[in-house]
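J.: Chain order of the listed sequences is A and B. The numbering used here numbers the first residue of the first sequence as 1033 and each following residue consecutively. The numbering used here numbers the first residue of the second sequence as 212 and each following residue consecutively.
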Amino acid sequence: MGKKKFSIIAFSGIIILFLSGCELSKYPLILDASGKSKTIRIDANPSGTFSDSATVSIEDLKELTDYDIDSIRFYNLTLHVTNDTSDANATFSGNITVEGEQLLSLTNVQLSEFSKERSIFDKTIAGYSYNRSGVLFLLNALKTQSPSSIKVKVEGTAGNNELHFDLTITLYAQVFANP
Amino acid sequence: MQKNFFKQQLLLIISLLCMSLIIVIRTHAQNPFEDAVKQLNSDNAKGYLQPWVTAFGTNLNSGFYHSADISNLGLTVRLDIIGMGTFIGDKQKKYKTKNPFDGTDVETATIFGEMGTVVSPDSLVLYQFQNGQVKTSFIPFVVPQLTIGDLYGTQGVIRYVQTPEINNVPEASVFGIGVRHNVSRYIPAVPVDLSAGFLYQHLKIGELFDATTFMIGAQVSKSFALLTLYGGLQYESISMDIGYEYKGSIPGYTPPSTKITLNVEGESQLRGTVGFNLSFFPVHLFADINIGSAIAASGGIGFGF
Chain A
1033 MGKKKFSIIA FSGIIILFLS GCELSKYPLI LDASGKSKTI RIDANPSGTF
1083 SDSATVSIED LKELTDYDID SIRFYNLTLH VTNDTSDANA TFSGNITVEG
1133 EQLLSLTNVQ LSEFSKERSI FDKTIAGYSY NRSGVLFLLN ALKTQSPSSI
1183 KVKVEGTAGN NELHFDLTIT LYAQVFANP
Chain B
212 MQKNFFKQQL LLIISLLCMS LIIVIRTHAQ NPFEDAVKQL NSDNAKGYLQ
262 PWVTAFGTNL NSGFYHSADI SNLGLTVRLD IIGMGTFIGD KQKKYKTKNP
312 FDGTDVETAT IFGEMGTVVS PDSLVLYQFQ NGQVKTSFIP FVVPQLTIGD
362 LYGTQGVIRY VQTPEINNVP EASVFGIGVR HNVSRYIPAV PVDLSAGFLY
412 QHLKIGELFD ATTFMIGAQV SKSFALLTLY GGLQYESISM DIGYEYKGSI
462 PGYTPPSTKI TLNVEGESQL RGTVGFNLSF FPVHLFADIN IGSAIAASGG
512 IGFGF
């Protein structure tokens, strides 16, 4: 074989090797939508009731990226207590609803449990459980982007101590996009 | 005849250079790649990207030598166009991270993996880790290398390539400098050529990635007319700084700053190399296989004497 043919074969091999290279973006890109937060102020006397609500907009999630959005999925909702001047042993009972659908039930729950951000799916907190109907509502709302905003209502009763704290509710979602 | 041969070689070199540009663009500069990184906190970014960093280090530390024969005093000027590629195995397609719901260990896809693992706190809600974004079993790269010598049995090596920013594709550049020294001159009775050397390189891709690689090793070769068989052992490392604006969110995780800067160390490795060089003066053809914690191949064409 002449050196000309040999070199052509050798370098054709290298070129084929390179062209067999990469396939990009075979799977959707997953974007974590920044947590959508709202904070509610709660103040209540011992055994007193409290009720407040906040509206979380979800319509801007689809503007998170310029890529084609395949779907948006709800995956978590969290509670976090800050600016807490309540008694250290303060407890409360109540529930959280989303557009009237029951999402979370709380029975004599220690307020201090929420000094760090807690998921509604947390199974380690006594007297704390989520409700399927509220989760299904959130899943569908984010999937269909309807309604464009979600009213979250918090209502409950204080235990034997006064309650004074800010409750931050954060909604987490994932956006599946096709680059 | 000779004129046509060189014309064809020139066309092949131009093709290779064009391809190296395309490869850099396709592999490193797509927005989905950068967007995927920006969604990761620093712990996940390390696991997600480490195989990519290691593959880059393995590539860059390939093709340094094609013979251990260095004269004590003489003129060597040789330009090599080196194509290199690292094979991506199953091990490079997964890493361990934490379940965002309960903190347990989860194995999910790296940048080279398949779909991200799905975890669920119950039967209703699903969380999916980032999907793999580069599907390949082979990461290629091309770099030119200029060798100049020989002075007191020593050769200097320079590598340099730069691609400009095109349509939001970040610029990329590689600069490398190395030295090789003839060891045979100290032990003349040895029937093979021996040399030792090191290579330092700096790679920059856009604003996100900034890497340095280092290798030190010993080489051996034996020539038979046009054919030179060569081999060697080398120790090598890569360190990549990655800086980006964190755009993700994880429940319970608040980054100290959205500006994340982290350092990813590739897997340091001891590598063995075997290969051959064919000299059709002044054209040289070479190819070798490299086996360490990663497997790589390199090959190319050189011009010079």
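Where is the CB? At the ideal position from N, CA and C, for every residue including glycine. Because the structure is a prediction, the values reported are computed rather than measured.
Identify each residue in the segment 1094-1122 of chain A for which the Cβ-Cβ distance to at least one residue of chain B is less than 8 angstroms, and report them in chain order.
T.: Per Cβ criterion, the list reads Thr-1097, Tyr-1099, Arg-1105, Phe-1106, Tyr-1107, Asn-1108, Thr-1110.
J.: Quick one: what's got a C-beta closer than 7 angstroms to Ser-395 of chain B's C-beta in the same chain, skipping five residues either side?
T.: Counting from one through the second sequence, the residue named residue 395 of chain B turns up at place 184. Val-401, Asp-404, Leu-405.
J.: Considering only the alpha carbon of each residue, which of B:Gly-511, B:Leu-489, B:Met-426 lies closest to Phe-435 of chain B?
T.: Within the second sequence, residue 435 of chain B is the residue found at index 224, counting from 1. The residue with the shortest Cα to Cα distance from Phe-435 of chain B is B:Leu-489.
J.: Once the 5 residues before and after Glu-1187 of chain A are set aside, which same chain residues still bring their CB inside 6 angstroms of it?
T.: Mapped onto the first sequence, residue 1187 of chain A falls at position 155. Contacts found: Ser-1083, Gly-1126.
J.: How long is the line joining the alpha carbons of Pro-355 of chain B and Lys-302 of chain B, rounded to whole angstroms?
T.: Residue numbering aside, residue 355 of chain B sits at position 144 when the second sequence is read from its first letter. Residue numbering aside, residue 302 of chain B sits at position 91 when the second sequence is read from its first letter. Taking the straight line joining both Cα atoms gives about 30 angstroms.
J.: Under 7 angstroms, CB to CB, which of the residues in the segment 327-353 of chain B have a partner in chain A?
T.: Per Cβ criterion, the list reads Gly-327, Pro-332, Asp-333, Leu-335, Val-336, Leu-337, Tyr-338, Gln-339, Gln-341, Asn-342, Gly-343, Gln-344, Val-345, Lys-346, Thr-347, Phe-349, Pro-351.
J.: Relative to the alpha-carbon of Gly-515 of chain B, which residue among B:His-495, B:Ala-505, B:Pro-332 has its alpha-carbon at the smallest distance?
T.: For the purposes of this step, residue 515 of chain B is taken as the residue at position 304 of the second sequence. For Gly-515 of chain B, the nearest C-alpha among the options comes from B:His-495.
J.: Measuring CA to CA, which of B:Thr-439, B:Ser-384, B:Tyr-411 is closest to Phe-491 of chain B?
T.: Taking the first residue of the second sequence as position 1, residue 491 of chain B is located at position 280. Nearest option by C-alpha distance: B:Thr-439.
J.: Can you tell me whether Phe-323 of chain B is helix, strand or coil according to DSSP?
T.: Mapped onto the second sequence, residue 323 of chain B falls at position 112. DSSP places Phe-323 of chain B in coil when its eight states are reduced to three.
J.: Report yes or no: do the segment 495-508 of chain B and the segment 473-481 of chain B share at least 3 C-beta pairs separated by less than 8 angstroms?
T.: Segments in contact, yes.
J.: With distances taken Cα to Cα, identify the nearest neighbour of Leu-414 of chain B among B:Tyr-397, B:Ser-282, B:Ile-449, B:Ile-350.
T.: Start at 1 with the first residue of the second sequence, and residue 414 of chain B comes out as number 203. Of B:Tyr-397, B:Ser-282, B:Ile-449, B:Ile-350, the residue nearest in Cα terms is B:Ile-449.
J.: Per DSSP, what are the beta-bridge partners of Leu-1195 of chain A in this structure?
T.: By one-based count along the first sequence, residue 1195 of chain A stands at place 163. Paired residue(s): A:Ala-1076.
J.: In the DSSP assignment, find the beta strand (DSSP E) that holds Phe-420 of chain B and state where it starts and stops.
T.: The sequence position of residue 420 of chain B within the second sequence is 209, counting from 1. Start and end: 420-435.
J.: Less than 7 angstroms separating the Cβ of Ser-1125 of chain A from some heavy atom of the ligand FAD?
T.: With respect to the ligand FAD, the structure offers nothing, as it holds no ligand at all.
J.: From what residue to what residue does the beta strand (DSSP E) around Leu-440 of chain B run?
T.: Working through the second sequence from its first residue, we reach residue 440 of chain B at position 229. Taken as a continuous stretch (DSSP letters only), the beta strand (DSSP E) holding Leu-440 of chain B covers 438-456.
J.: Let me know the secondary structure DSSP gives Tyr-1059 of chain A once reduced to three states.
T.: Indexing the first sequence from 1 puts residue 1059 of chain A at position 27. Three-state result, Tyr-1059 of chain A: coil.
J.: State yes or no: is the beta carbon of Ala-383 of chain B nearer than 8 angstroms to at least one beta carbon in chain A?
T.: If you number the second sequence from 1, residue 383 of chain B lands on position 172. Ala-383 of chain B does not count as touching chain A.
J.: Got a sec? Which residues, its chain only, sit under 6 angstroms from Gln-430 of chain B by beta carbon, not counting five neighbours each side?
T.: For the purposes of this step, residue 430 of chain B is identified with residue 219 of the second sequence, where counting begins at 1. Tyr-276, Ala-279, Ser-406, Gly-443.
J.: Compare the C-beta of Phe-1124 of chain A against all C-beta atoms of chain B and say whether one is closer than 8 angstroms.
T.: For the purposes of this step, residue 1124 of chain A is taken as residue 92 along the first sequence, with counting starting at 1. False, the Cβ-Cβ gap to chain B never drops below 8 angstroms.
J.: Identify, in the order they occur along the chain, each residue of the same chain with its Cβ nearer than 7 angstroms to the Cβ of Ser-432 of chain B, setting aside the five sequence neighbours on each side.
T.: As a working note, residue 432 of chain B is residue 221 in the second sequence. If we look at Ser-432 of chain B and ignore the five residues flanking it on each side, its Cβ neighbours are Ser-278, Ala-279, Asp-280, Val-403, Asp-404, Thr-439, Leu-440, Tyr-441.
J.: Would a check of beta-carbon distances place Leu-1195 of chain A closer than 8 angstroms to chain B?
T.: Counting from one through the first sequence, the residue named residue 1195 of chain A turns up at place 163. False, the Cβ-Cβ gap to chain B never drops below 8 angstroms.
J.: Do three or more CB pairs link the segment 1091-1103 of chain A to the segment 1058-1068 of chain A at distances below 8 angstroms?
T.: Touching, yes.
J.: Using a Cβ-Cβ distance under 8 angstroms, would Phe-425 of chain B count as near chain A?
T.: By one-based count along the second sequence, residue 425 of chain B stands at place 214. Not closer than 8 angstroms to any Cβ of chain A, the Cβ of Phe-425 of chain B fails to qualify, so no.
J.: Go ahead and label Ala-1076 of chain A buried or exposed: buried means 16 or more other beta carbons lie within 10 angstroms of its beta carbon, across all protein chains shown.
T.: Position 44 of the first sequence holds residue 1076 of chain A. So Ala-1076 of chain A counts as buried.
J.: Taking only beta-carbon positions, decide if Asp-291 of chain B is within less than 8 angstroms of chain A.
T.: In the second sequence, residue 291 of chain B corresponds to position 80, counting from 1. Chain A, which has no Cβ nearer than 8 angstroms to the Cβ of Asp-291 of chain B, makes this no.
J.: Name the chain B residues whose beta carbon is nearer than 9 angstroms to that of Val-1167 of chain A?
T.: Residue 1167 of chain A sits at position 135 when you count from the first residue of the first sequence. Near Val-1167 of chain A (Cβ distances below 9 angstroms), the residues of chain B are Asp-333, Leu-335, Val-336.
J.: May I ask you to verify whether the segment 1173-1189 of chain A touches the segment 1149-1164 of chain A, counting CB pairs closer than 8 angstroms and requiring at least 3?
T.: No, they do not touch.
J.: Find out if the Cβ-Cβ distance for the pair Arg-1105 of chain A, Leu-337 of chain B is shorter than 8 angstroms.
T.: For the purposes of this step, residue 1105 of chain A is taken as residue 73 along the first sequence, with counting starting at 1. For the purposes of this step, residue 337 of chain B is taken as residue 126 along the second sequence, with counting starting at 1. Their beta carbons are under 8 angstroms apart, which means Arg-1105 of chain A touches Leu-337 of chain B by this criterion.
J.: Would you call Gln-412 of chain B buried or exposed, if buried means 16 or more other Cβ atoms sit within 10 Å of its Cβ?
T.: One-based indexing of the second sequence puts residue 412 of chain B at position 201. It counts as buried.
J.: Once you ignore the five residues that flank Phe-420 of chain B on each side, which residues in its own chain have a CB closer than 8 angstroms to its CB?
T.: For this step, residue 420 of chain B is matched to residue 209 along the second sequence. Excluding sequence neighbours, Phe-420 of chain B sits near His-239, Leu-414, Met-451, Asp-452, Ile-453.
J.: Which residues share a DSSP beta bridge with Phe-349 of chain B?
T.: As a working mapping, residue 349 of chain B is identified with position 138 in the second sequence. Bridge partners of Phe-349 of chain B: B:Phe-298.
J.: Just the Cα atoms here: how many angstroms apart are Ile-299 of chain B and Leu-357 of chain B?
T.: Taking the first residue of the second sequence as position 1, residue 299 of chain B is located at position 88. Taking the first residue of the second sequence as position 1, residue 357 of chain B is located at position 146. So the two alpha carbons sit approximately 29 angstroms from each other.
J.: Just reading off the beta strand (DSSP E) that Leu-1138 of chain A is part of, what are its end residues?
T.: For the purposes of this step, residue 1138 of chain A is taken as the residue at position 106 of the first sequence. Its beta strand (DSSP E) spans residues 1133-1142.
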